[in-house]
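Numbering (the working numbering), first residue to last: 1 to 461.
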């Protein structure tokens, strides 16, 4: 197009009457009919939002054009264009709904008859407080995740009808006291799955706020099994970050390390059969599932209960828990807060069971170490306990130095740097093993194997 044509931007973003000023639209285009052919995309449809309609005594007007999507790629459409007809169907007298339906039905090739209406720009700019809520997320790679329906047009306009906005609750995070402080206990927050948008709702009193919170929170929770099934479909046989299945997922508040008591941030936590994975937003693309922010093997993770926190939504009710993982860098701790006591028991139960199941699944861990100047291998087996063998040289058979069941272990300790001390109460006394790296993962794994065995024996209720 000429110098005045809108640029097709590849990046995320939206063209609106605020980003595209009427005076930037060339006079040659004003009030002249134009025909523009748009090729609907599989995802994102036409990539426009519309306003107006017969009931508003206004033509059907393009109010937003999503950068990089179909309409934007034509480089021939403007915010403020009135849509007079779609594939020959006249829209001059159409209601907003009739126009939406006509655009939905239009098939892949859409011929739009448009006319730029400079005088309509104030109307396109004039947003209602509700319909202007920033919640514009282009549809994800999997159309069933995060969208209202599988129809891309309605996904993009998110059903804006006059002063109404539909926000899909699937994978939203409903919380309180996070983005804004709430001394009167009257607010609730809904965070978008991509963690980019937040809507804060204020109720007339704390009881009403709690009732609304409970209703929205339980709706979101009820959608979790469906989300897990959809993610499974999306990932297919590849699984997620080295695991085969998702046991549980959801949003938690994570304490940001530092002095501030009340500083929490949203964390999306996923439990697989082997790992605890953390993301800062709901992955849209398949690839994003494979690169979590943190990956913690459940076998080296233990659940730690923490005391009541000052920032708890219902004061006096402790809804927080912590996880500690033995890593090669030492112990990593995360403090989480759930929204309800039911969530707390669900998460804690899933983490503890996950750790025990992982012990039964993995069965055996081996690590090389040095004992009395000999290169050795320490094997910790879920059923058989500990064995220390000398690494064979030049085809010689490996020699077992010690083999002991868990019952014989009198004491284990470590120096937090590289040494692991095991005392089986025998004539050899304490075994001092140099693991060449931080011993914490091994220490935590011993604890997990023991804990899983004790639970299996039914010694712990």
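Backbone N, C-alpha and C define an ideal beta-carbon position, used for all residues, glycine too.
- Here residue 278 is buried: its Cβ has 16 or more other Cβ atoms, across all protein chains shown, within 10 Å.
- By the CB criterion at 7 angstroms, residue 448 and residue 299 fall inside the cutoff.
- Residue 266 carries a strand assignment under DSSP once its states are collapsed to helix, strand and coil.
- Nearest Cα to residue 330 within the set 382, 42 and 441: 441.
- DSSP lists 422 as the beta-bridge partner residues of residue 431.
- Contact holds between the stretch 75-94 and the stretch 32-51, because three or more Cβ pairs, one in each stretch, are under 8 angstroms apart.
- With respect to residue 113, residue 84 sits close: the two C-beta atoms are nearer than 7 angstroms.
- Counting only runs of 4+ residues, the alpha helix (DSSP H) found wholly inside the stretch 48-120 occupies 70-73 and 96-105, in chain order.
- If you ignore the 5 residues before and after residue 418, its C-beta comes within less than 8 angstroms of the C-beta of 434, 435, 436, 437, 438 and 439, all in its own chain and listed in chain order.
- Around residue 124, the same chain offers 17, 51, 61, 63, 79 and 80 as residues with beta carbons nearer than 7 angstroms, after the five sequence neighbours per side are excluded.
- Residue pairing by DSSP places residue 297 opposite 275 in a beta bridge.
- A Cβ-Cβ contact shorter than 7 angstroms links residue 243 with residue 273.
- Within the stretch 322-387, the complete alpha helix (DSSP H) segments of 4 residues or longer fall at 341-362, listed in chain order.
- Inter-residue distance for residue 34 and residue 67 is about 21 angstroms (C-alpha atoms, whole angstroms).
- DSSP lists 268 as the bridge partner or partners of residue 251.
- Within its own chain, the residues whose Cβ lies closer than 6 angstroms to the Cβ of residue 269, once the five positions on either side in sequence are excluded, are 252 and 278, listed in chain order.
- Between residue 422 and residue 386 a beta carbon distance of about 7 angstroms is seen, short of the 8 angstroms cut, so the two are scored as contacting.
- Taken atom to atom, the span from the alpha-carbon of residue 210 to that of residue 181 is near 16 angstroms.
- Sequence-distant partners of residue 398 (beyond 5 residues in either direction) whose C-beta falls short of 8 angstroms from its own C-beta, in its chain, are 377, 389, 390, 391 and 392.
- Comparing C-alpha distances from residue 203 to each of 267, 426, 19 and 184 shows the shortest one belongs to 184.
- Burial state of residue 275 is buried, judged by a 10 Å Cβ sphere holding 16 or more other Cβ atoms.
- Bounds of the alpha helix (DSSP H) holding residue 208 are 206-235.
- For the options 431, 456, 36 and 264, the alpha carbon positioned closest to that of residue 373 is the one of 431.
- By the C-beta density criterion, residue 24 is exposed, having fewer than 16 other C-beta atoms within 10 angstroms.
- In this structure residue 255 is buried. Its beta-carbon is surrounded by 16 or more other beta-carbon atoms within 10 angstroms.
- Residue 21 is not bridged by DSSP to any residue.
- DSSP, reduced to helix, strand and coil, places residue 170 outside both helices and strands of the structure shown, so it counts as coil.
- Residue environment for residue 29: buried (at least 16 other C-beta atoms within 10 angstroms of its C-beta).
- Of the residues 406, 427 and 412, the one whose Cα lies closest to the Cα of residue 454 is 406.
- Residue 94 and residue 57 have their C-alpha atoms some 10 angstroms from each other.
- Residue burial annotation: residue 218 is exposed, with fewer than 16 other C-beta atoms found within 10 angstroms of its C-beta.
- Looking at 427, 425 and 383, the one whose alpha-carbon comes closest to that of residue 450 is 383.
- Counting every other CB atom within 10 Å of its CB across the protein chains shown gives residue 170 a total of 16 or more, marking it as buried.
- Burial check for residue 305: the Cβ neighbour count within 10 Å stays below 16, so the residue is exposed.
- Rounded to whole angstroms, the Cβ separation of residue 283 and residue 289 is 5 angstroms, and the two are in contact under 8 angstroms.
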